[in-house]
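Remarks on the structure that follows.
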Amino acid sequence: MDILAGILISTGLIFFLGTTIGLLRFPDFYSRMHAAGKGDTLSTVVILLGCICLISTQGDLSWILGLKILLIINFIFIGSPTATHAMMDAGNKAGAKPWKKDAD
Amino acid sequence: MPSLPIWQFDVPLLILVVLFAVVALSIRNLMGTAIVFGAYSFMMCLIWAGMGAVDVAFTEAAVGAGVSTVFIVSTIYNTSATMPPRPGGLPFKLFIGVVVTLTGVFLLSAIPDFPKWGEPNSPANATVAPYYISNTIADAHVPNIVTTVLADYRGFDTLLETTVVFIACIAIYSILRVDEARSKTEDSGPVDAEPHYDPSDSLIVRQASRFMVPFMQLFALYVIAHGHYSPGGGFQGGVILGASLILVAISFDLKFLLAQWREKQIMLMVAWGVFLYAVVGLGCVFMGGNYLDYGFLNPVLPGEQDMARSHGILLVEIGVGITVMFSMIGIHINLASNGHFDRGL
Amino acid sequence: MLLVLVLAIKGPTVIDRLVAVNVIGTKSIVLLLFAGILFGQLDMFVDIALGYGLLNYIVSIAASRYYQHRKCLEPEHTIGKGEVS
Amino acid sequence: MENLIANFNYVIVVILMMIGLWSMLAQKNLIKKCIGMAIFQTGIILFFISIGAKDNALIPILTEASDHKYHDPDVAKVANPLTQILMLTAIVVGVATLGVGLALAQKIYREYSSFDEDEILNKQTK
Chain A
1 MDILAGILIS
11 TGLIFFLGTT
21 IGLLRFPDFY
31 SRMHAAGKGD
41 TLSTVVILLG
51 CICLISTQGD
61 LSWILGLKIL
71 LIINFIFIGS
81 PTATHAMMDA
91 GNKAGAKPWK
101 KDAD
Chain B
1 MPSLPIWQFD
11 VPLLILVVLF
21 AVVALSIRNL
31 MGTAIVFGAY
41 SFMMCLIWAG
51 MGAVDVAFTE
61 AAVGAGVSTV
71 FIVSTIYNTS
81 ATMPPRPGGL
91 PFKLFIGVVV
101 TLTGVFLLSA
111 IPDFPKWGEP
121 NSPANATVAP
131 YYISNTIADA
141 HVPNIVTTVL
151 ADYRGFDTLL
161 ETTVVFIACI
171 AIYSILRVDE
181 ARSKTEDSGP
191 VDAEPHYDPS
201 DSLIVRQASR
211 FMVPFMQLFA
221 LYVIAHGHYS
231 PGGGFQGGVI
241 LGASLILVAI
251 SFDLKFLLAQ
261 WREKQIMLMV
271 AWGVFLYAVV
281 GLGCVFMGGN
291 YLDYGFLNPV
301 LPGEQDMARS
311 HGILLVEIGV
321 GITVMFSMIG
331 IHINLASNGH
341 FDRGL
Chain C
1 MLLVLVLAIK
11 GPTVIDRLVA
21 VNVIGTKSIV
31 LLLFAGILFG
41 QLDMFVDIAL
51 GYGLLNYIVS
61 IAASRYYQHR
71 KCLEPEHTIG
81 KGEVS
Chain D
1 MENLIANFNY
11 VIVVILMMIG
21 LWSMLAQKNL
31 IKKCIGMAIF
41 QTGIILFFIS
51 IGAKDNALIP
61 ILTEASDHKY
71 HDPDVAKVAN
81 PLTQILMLTA
91 IVVGVATLGV
101 GLALAQKIYR
111 EYSSFDEDEI
121 LNKQTK
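Put into structure tokens, the structure is as follows:
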């Protein structure tokens with residue numbers, strides 16, 4: 001179980017590294033959003049799954065904790081893409097220009 | 001065994017907090033300031049958690065993620081986000097800088113007199129706190145010491161703090177509310193040209209909020225009721241309840257919220273919370289005890305004297321929760337609609 | 001892990017900061033859970049994380065509503081380099 | 001260096017208070033003054049919380065687990081609850097006062113359509 005937790009958490013960290021690199025390196029708002037929206041949600045979910053694996057061996061009440069973390073995952077899965085959508089819409093309406101190759 | 005101030009966890013966060021504060025204040029666009037201030041509050045929440053103050057962390061999480069940034073954003077929404085660049089003023093800034101630096105040097109010179117970080121026998125930890133820690137179970141059967149101290153041992157303190165929140169809500173009403181708001185007519189136009197409301201946008205946001213809001217309210221009730229055994233209590237639950245209704249106001253429309261809760265009802269509920277708190281205290285006096293001494297309520301409440309204290313704490317927390325919830329909503333509807341109660345953020 | 005995000009917070013426009021703050025909010029959930037595991041009392045910290053998971057997206061929705069209604073991008077674009085005073 | 005780490009929290013407190021004070025005094029923009037007030041306040045909260053922290057202690061919620069005992073707990077093993085409740089209420093009250101400050105700023109903007117202190121003063125003298 002611990003090995004599985006380690007694998008999941010490190011996978012999540014790799015995804016998160018990709019997210020941050022994407023945030024820093026992508027040229028315009030929309031592609032940054034792309035990196036943040038996908039990578040962030042996925043990495044958080046994977047890390048939280050790893051946390052469930054990590055705690056599932058301790059104590060007899062750990063299934064409640066696991067259930068709560070599953071709830072967190074559920075809410076992140078709903079909330080984070082919604083926020084991404086709202087921000088993307090806002091950026092579109094506010095007039096952020098998409099990046100073109102010959103622009104800069 | 002991990003020690004409580006986790007140095008590796010706290011020290012980088014403390015440095016980050018200072019960085020965020022500087023960045024937040026040095027951005028020229030006020031929207032940016034508000035958003036970076038939100039991140040600042042996230043960091044603060046992590047610091048409280050790292051120092052073992054889970055209840056404070058919970059409050060900061062609810063307030064920072066749900067409420068305070070929304071207040072700032074709605075204020076900016078009704079005014080303007082730009083800061084025109086001003087030339088000059090350098091001597092003034094230098095003067096202020098000297099003053100602030102002098103203050104800082106004076107404060108820094110006092111540091112060696114303080115006890116070390118994490119000293120168990122410092123004066124703050126040695127006087128009255130050990131009594132609270134060792135007697136909370138015997139007195140009130142509440143494992144969460146913070147709840148006991150909040151509502152029982154220092155009940156007066158919390159009563160007055162709740163009153164302060166109440167007064168702040170009233171103050172905002174009297175400052176911002178305009179007289180035409182009562183008639184609710186459309187032609188009492190906004191003061192500066194506000195953008196028109198577009199009902200066709202953000203269907204996804206509306207549906208997601210429709211899904212999330214019941215869970216938030218359920219969770220908030222859990223937080224209030226379970227505050228005896230885990231972090232939580234009236235303040236946190238009230239803020240989360242208020243934030244859920246603020247989310248309704250944001251994702252649907254302000255009118256949608258006001259159709260369900262009239263402003264008169266909101267003000268009444270704010271007063272009812274404080275009233276409930278005070279009445280519980282008065283009930284103790286009628287039962288022959290001191291003000292806010294819940295142990296004397298045991299003829300009314302189930303259980304022996306210690307369990308009666310526990311239930312009295314629960315009643316008081318509900319009062320706090322009602323006040324905090326409705327004052328958050330009251331503050332939001334005033335700030336978001338610039339006192340007109342017709343449309344807003 | 002978060003140090004990289006500090007760079008993101010200095011991103012060029014306001015709305016980029018919004019993205020970065022959203023990411024930071026999600027990551028604080030993870031960090032809170034890690035702190036709970038370090039303390040060995042995860043059952044106390046999981047409530048805070050749950051609250052965060054529920055409330056995290058209010059800020060971004062509020063700020064994006066601001067931009068949807070205003071329909072004008074902030075002058076930080078036009079000022080350009082002079083954004084930090 | 002050892003001394004600095006041992007008192008690092010106070011250094012940060014002082015720095016945060018300096019930032020808040022500077023922002024309240026030197027910034028001309030009313031909203032930034034409000035935010036400076038909030039930062040000053042978090043400095044004070046940090047002071048209280050870090051004074052209440054103890055080495056090798058756990059959070060102030062008693063459980064039946066490991067070295068916490070339900071009855072007769074070890075006092076040195078539990079963080080100070082008193083400072084925490086003071087600051088818990090201070091945060092909520094702080095957000096209410098922040099709301100009052102923002103409301104005042106909004107009212108001022110309604111009258112003078114500006115957040116800038118100098119402009120407001122100019123319009124008043126006219």
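Protein chains in written order, with my numbering: chain A, 1 to 104; chain B, 1 to 345; chain C, 1 to 85; chain D, 1 to 126.
Backbone N, C-alpha and C fix where the C-beta goes; we use that ideal spot for every residue, glycine too.
These figures come from a predicted structure and were not determined experimentally.
Answer with yes or no whether the minimum CB distance from residue i to chain D is below 9 Å.
i	result
P143/B	yes
M325/B	no
F34/C	no
D157/B	yes
C284/B	no
Would DSSP call residue i helix, strand or coil?
i	result
D55/D	coil
V78/D	strand
E186/B	Only weak support exists for where E186/B lies, its pLDDT of 43 falling under 50; the value from the coordinates is given anyway. Looking at E186/B - three-state DSSP - the assignment turns out to be coil, as it is neither helix nor strand.
S200/B	Reliability fails at S200/B, whose pLDDT of 49 lies under 50, so the model's placement of it is uncertain and the value that follows must be treated cautiously. Coil.
D116/D	strand
N29/D	strand
P195/B	Unreliable positioning characterises P195/B in this predicted model, as indicated by a pLDDT of 40, which lies under 50. A coordinate reading is not provided.
My understanding is that residue i touches residue j, with C-beta atoms under 8 Å, so please give their C-beta distance in whole angstroms.
i	j	result
N80/D	K54/D	7 Å
I76/B	A21/B	About 19 Å; that fails the 8 Å criterion.
A86/A	I61/C	5 Å
V56/B	I51/D	About 13 Å separates the two Cβ atoms, so there is no contact after all.
L25/D	I96/B	5 Å
G238/B	V320/B	6 Å
Compare the C-beta of residue i against all C-beta atoms of chain C and say whether one is closer than 9 Å.
i	result
F75/A	yes
F58/B	yes
Q207/B	no
T79/B	no
L59/D	A small fix is needed here, since residue 59/D is Ile in this sequence, not Leu. It does; some Cβ of chain C falls within 9 Å.
T89/D	no
G38/B	yes
A65/B	yes
P231/B	yes
T129/D	Only positions 1 to 126 of chain D appear in the structure, and residue 129/D is not among them; the question remains open.
A225/B	no
I72/A	yes
M33/A	yes
A61/B	yes
T42/D	no
Q305/B	no
Count the other CB atoms, across all protein chains shown, that sit within 10 Å of the CB of residue i; report buried if there are 16 or more and exposed otherwise.
i	result
M1/A	exposed
Y277/B	buried
A138/B	exposed
W117/B	buried
S230/B	buried
I27/B	buried
Y294/B	buried
W22/D	buried
K32/D	buried
V54/B	buried
Closest Cβ-Cβ distance between residue i and chain B: below 9 Å?
i	result
K54/D	yes
L50/C	yes
H85/A	yes
F45/C	yes
I39/D	yes
I69/A	no
L98/D	yes
L42/C	no
T125/D	no
I64/A	no
Y66/C	yes
G37/A	no
Within 9 Å of any Cβ in chain A, is that where the Cβ of residue i sits?
i	result
M267/B	no
**OP:** Could you name each continuous beta strand (DSSP E) segment of 3 residues or more that falls completely within the segment 102–156 of chain B, going from the start of the chain to the end?
**Re:** none
**OP:** For the segment 235–320 of chain B, list the alpha helix (DSSP H) runs that are entirely contained and at least 4 residues long, ordered along the chain.
**Re:** 254–260, 263–286
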